[in-house]
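Undergrad:
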Amino acid sequence: MTIAMGGPGVDGLGDVVRVLGEWQHDAGPVQVHPGDVGWFWRFGAERAAAATRTWSRAGEVLAVGLLDGADLLRLAFAPEAWQDEELAQQVVEDVAAPERGVLPEGKVYIEAPMGALVRDLLFRKGWASGEAWTPLRRDLGAPVPDPGVRVEVIGPEQAHEWAAVLRASFDGSTFTGERWHAMAAGAPYAGARCLVARDEQGEAVAVVTVWSAGEGKLGLIEPMGVHRAHRGHGYGRAITVAAARALQEAGSSSVVVCCPSSNAGAVATYRSAGLEQLPERLDLYRDAP
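Taking the UniProt record's numbering, the leading residue of the sequence shown gets 1, the next gets one more, and so forth.
Here you go:
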């Protein structure tokens, strides 16, 4: 049986979300989560479908790629396919050929799980180590403390308020209430929650989205932000603790997040909220010819 690459189309995105959820295991490395697709869904279902690739054998999806921007491909693999040589070879061939529509010409990046054979093959093809990322994880088998601030689950009527805090948390963010509605309309959002933390005056100061992959699976934080005017008061720690509680209530086994290692403040915030820092992982890049 040969490996076939394809795009799921809008109608097939639900199946992609389902298999990504099945691949989430506490014992495995952090890789693309249903919530990553859900967060991308803020651009609409059509763009989410256009950004997704699958590699299948005999109709079974063994790998999923998410084009998170024009030059970055994020990969996930079925647990039994980490060392599948035929699959890894086909992925490498497809990403190396711009005419196949996976990655363009020029400098491009791939995020692949540590331990996957595809990383070794890419190194042999001349790809190099790139940016360092830090995964962090908290087991949810034990009680999670109260966050110590007022936290609410937001619905459509608070979408613009939530979006405004997120924009004030990230330089250059263009997130809007309309994008929140697009995200909330996506299949992954069925297991997600958006939270907002408020100060003593009731002003929204921090936001987070949590994504469940199902009962007994690890859940994801993506994104988390603290309004730039309210930093330094512990709101990042508080909203992260609230995120862990929300995922615990949803039946998640653990909560994970991944951020650039260069963002020392974010790493420190997550650690202060009880997440354990895991070994760094490096993305891969290929320079322009």
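Cβ atoms here follow ideal geometry from the backbone N, Cα and C, with glycine treated the same way.
Mind checking who Y109 pairs with in its DSSP beta bridge?
TA: Note: Y109 sits in a beta bridge opposite L72, Y285.
Undergrad: For a quick check, are the C-beta atoms of S129 and L275 less than 8 Å apart?
TA: No, they are not a contact pair.
Undergrad: Quick check on A76: buried or exposed, where buried means 16 or more other Cβ atoms within 10 Å of its Cβ?
TA: With 16 or more other Cβ atoms within 10 Å, it is buried.
Undergrad: From the DSSP secondary-structure annotation, give me the bridge partner or partners of residue 308.
TA: In the structure as shown, the chain starts at 1 and stops at 289, and residue 308 therefore has no counterpart that could be examined.
Undergrad: From what residue to what residue does the beta strand (DSSP E) around T269 run?
TA: Counting along the chain, T269 falls outside any beta strand (DSSP E), though it belongs to the alpha helix (DSSP H) covering 264-272.
Undergrad: Looking at the strands, I want to know which residues DSSP matches up with E276.
TA: R137, per the DSSP bridge assignment.
Undergrad: To which residues of the same chain is A250 closer than 6 Å at the C-beta, ignoring the five residues directly before and after it?
TA: Only S212 meet the Cβ criterion.
Undergrad: Could you check whether A49 and L13 sit closer than 8 Å to each other, using their CB atoms as the reference points?
TA: Going by C-beta atoms, L13 is nearer than 8 Å to A49.
Undergrad: Which term fits D287, buried or exposed, when burial requires 16 or more other beta carbons within 10 angstroms of its beta carbon?
TA: Exposed, because fewer than 16 other Cβ atoms sit within 10 Å of the Cβ of D287.
Undergrad: Considering only the beta carbon of each residue, do P8 and G21 sit closer than 8 Å?
TA: Not a contact, by the Cβ cut-off of 8 Å.
Undergrad: Buried or exposed for D84, going by 16 or more other Cβ atoms inside 10 Å?
TA: Under this definition D84 is a buried residue.
Undergrad: Between which two residues does the beta strand (DSSP E) holding T209 run?
TA: Its beta strand (DSSP E) spans residues 204-211.
Undergrad: What are the residues that DSSP puts in a beta bridge with I3?
TA: According to DSSP, I3 bridges with R57.
Undergrad: Can you tell me which of the three DSSP states V149 falls into?
TA: Coil, per DSSP.
Undergrad: Can you give the Cα-Cα distance for K107 and V92, rounded to whole angstroms?
TA: C-alpha separation (whole angstroms): 15 Å.
Undergrad: Check each candidate in R245, R138, A164 and name the one with the smallest Cα separation from E27.
TA: Correcting the residue type first, residue 27 is Ala in the shown sequence and not Glu. Among R245, R138, A164, the Cα nearest to that of A27 is on R138.
Undergrad: Which residue wins for smallest C-alpha separation from V255, given the options F170, S262, R245?
TA: Answer by Cα proximity: R245.
Undergrad: On the DSSP bridge assignment, give the partners of A132 in chain order.
TA: Looking at the DSSP assignment, A132 forms a beta bridge with L282.
Undergrad: According to the neighbour-count rule (16 or more other Cβ atoms, all chains shown, within 10 Å of its Cβ), is V153 buried or exposed?
TA: So V153 counts as exposed.
Undergrad: Where A4 and E60 are concerned, what is the direct C-alpha to C-alpha distance, given to the nearest angstrom?
TA: Rounded to the nearest angstrom, the two C-alpha atoms are 10 Å apart.
Undergrad: With 16 other CB atoms within 10 Å as the buried threshold, where does P188 fall?
TA: Burial call: buried.
Undergrad: Indicate the three-state DSSP secondary structure (helix, strand or coil) for A197 in the structure shown.
TA: Of the three classes helix, strand and coil, the one that applies to A197 here is strand, per DSSP.
Undergrad: Sort Y270, G6, A112 by Cα distance to L72 and report the nearest one.
TA: Of the listed residues, the one whose Cα sits closest to L72 is A112.
Undergrad: Could you check where the alpha helix (DSSP H) with Q89 kicks off and where it finishes?
TA: Element bounds for Q89: 85-96.
Undergrad: Identify, in the order they occur along the chain, each residue of the same chain with its Cβ nearer than 7 Å to the Cβ of S173, setting aside the five sequence neighbours on each side.
TA: Here the set comprises L166, R167.
Undergrad: Quick check on DSSP: helix, strand or coil for F170?
TA: Three-state result, F170: coil.
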